[in-house]
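First to last, the protein sequences are chains A and B.
Just add 2 to wherever you are in the first sequence, counting from 1, and you've got my numbering.
Just add 408 to wherever you are in the second sequence, counting from 1, and you've got my numbering.
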Amino acid sequence: DTGVSQNPRHKITKRGQNVTFRCDPISEHNRLYWYRQTLGQGPEFLTYFQNEAQLEKSRLLSDRFSAERPKGSFSTLEIQRTEQGDSAMYLCASSSSSEAFFGQGTRLTVV
Amino acid sequence: AQRVTQPEKLLSVFKGAPVELKCNYSYSGSPELFWYVQYSRQRLQLLLRHISRESIKGFTADLNKGETSFHLKKPFAQEEDSAMYYCALRWGGDNFNKFYFGSGTKLNVKP
């Protein structure tokens with residue numbers, strides 16, 4: 003599969019624990035996005051990278067959230083001290099032009 | 409603020425009936441509009457974009473700048489069209505590489 007890959011697909015964690023998700027974009031894509039999707043809503047923008055530079059970060063992203071793309075290839079999204087409200091599907095997308103290609107997402111459940 | 413509105417959460421039609429999924433946006437510049445589709449248990453994927461002016465799987469969408477709409481239409485719905493449909497907006501300026509999504513419309517095509 004040469005599409006956008008996200009790991010893990012599912013994550014159940016206890017409140018207060020830290021979690022990290024990984025996204026492997028399509029190899030030639032320089033742009034990478036993280037979105038969050040909750041039930042009944044469309045994807046909400048979290049953050050955006052162009053190569054290794056994080057160019058924009060949504061106000062939705064509290065200080066507990068951090069994202070990196072160290073070599074301009076894969077990206078990680080870390081959530082510290084998880085809360086129940088963090089339960090959602092976390093989507094990664096990559097792009098080289100106008101179209102964004104999405105991964106299958108990581109479903110986070112905080113119990 | 410930029411916004412994408414999909415007024416219908418659910419649209420149910422019978423096979424062979426015409427379909428129109430509504431999308432309105434608010435933005436003062438020249439946006440790019442997209443329709444993404446998510447079939448059951450699959451990732452979000454691009455259906456069509458307004459700049460292509462193409463028909464995909466029988467669907468078309470016309471950008472109406474006067475009405476700020478980008479409604480998705482198909483003259484004869486098929487059961488395999490049942491899915492979640494998301495309208496998305498990408499625009500120029502500082503936010504050119506950010507996509508905003510509507511909350512989605514679930515299309516249910518009944519036999």
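Glycine is no exception: its CB is placed at the ideal position from the N, C-alpha and C atoms.
Being a predicted model, the structure only gives us computed values, none of them experimental.
Query	Result
Exposed or buried, what is residue 29 (chain A) when buried is set at 16 or more other beta-carbons lying within 10 Å of its beta-carbon?	exposed
Between residue 83 (chain A) and residue 66 (chain A), which are expected to be in contact by the criterion C-beta below 8 Å, what is the C-beta distance as a whole number of angstroms?	6 Å
Excluding sequence positions up to five away, which residues of its chain have a Cβ less than 7 Å from the Cβ of residue 462 (chain B)?	456
Since residue 105 (chain A) meets chain B, which of its residues come closer than 8 Å, beta carbon to beta carbon?	451
Can you say whether residue 439 (chain B) is buried or exposed, counting buried as having 16 or more other CB atoms within 10 angstroms of its CB?	buried
What is the DSSP secondary structure of residue 487 (chain B), reduced to helix, strand or coil?	helix
Residues of the stretch 82–113 of chain A with a CB closer than 9 Å to any CB of chain B: list them in chain order, please.	93, 95, 97, 100, 101, 102, 103, 104, 105, 106, 107
Give the straight-line distance between the Cα atoms of residue 73 (chain A) and residue 48 (chain A), rounded to the nearest whole angstrom.	20 Å
Run the CB neighbour count on residue 4 (chain A), radius 10 Å, all protein chains shown included, and call it buried at 16 or more, exposed below.	exposed
Give, in chain order, every residue of the stretch 38–49 of chain A whose Cβ lies closer than 9 Å to some Cβ of chain B.	39, 42, 43, 44, 45, 46, 47
Among the residues of its own chain, which have a CB less than 7 Å from the CB of residue 519 (chain B), if the five just before and after it don't count?	423, 487
Please classify residue 88 (chain A): does DSSP put it in a helix, a strand, or coil?	helix
So which of A:36, A:31, A:113 has the shortest CA-CA distance to residue 80 (chain A)?	A:36
Counting only Cβ pairs nearer than 7 Å, list the residues of chain B close to residue 58 (chain A).	506
Please classify residue 108 (chain A) as buried or exposed, where buried requires at least 16 other C-beta atoms within 10 Å of its C-beta.	buried
Identify the continuous beta strand (DSSP E) that holds residue 65 (chain A) and give its terminal residues.	Per DSSP, residue 65 (chain A) belongs to no beta strand (DSSP E) and is neither H nor E.
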